[in-house]
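Asks: In the working numbering, the protein residues as written are 7 to 65.
Even for Gly, the Cβ is constructed at its ideal location relative to N, Cα and C.
Predicted model, so just to flag it, every value in this text is computed and none were measured.
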Amino acid sequence: MFALQASLAAAGRTSIQPGMTSIDMPVRGFITTDETGRQSVNFVRTGVGGVSPSVPVFR
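Structure representation (structure tokens):
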């Protein structure tokens, strides 16, 4: 698990307000580890291929 400032990923497409419980993000990210132990951050586009753009906002 990793954290990313939502306003950076929203890139001006979505207004983020205090008290929001979810937000639609244009991308989602996840960390993978290859067979040598090297970690990579991968981003996938949301809204296509069954990847929901709605992401919970944690306070």
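Quick check: what's the CA-CA separation for Val57 versus Asp40?
Replies: 23 Å
Asks: What three-state label does DSSP hand Gly35 in the structure shown?
Replies: Strand.
Asks: Does DSSP put Arg65 in a helix, in a strand, or in coil?
Replies: Three-state DSSP puts Arg65 in coil, outside helix and strand.
Asks: Taking Gly53 as the reference, give the member of Thr38, Thr20, Asp30 with the closest Cα.
Replies: Asp30
Asks: Give the single residue among Phe64, Ser60, Arg65 whose Cα lies nearest to the Cα of Arg34.
Replies: Ser60
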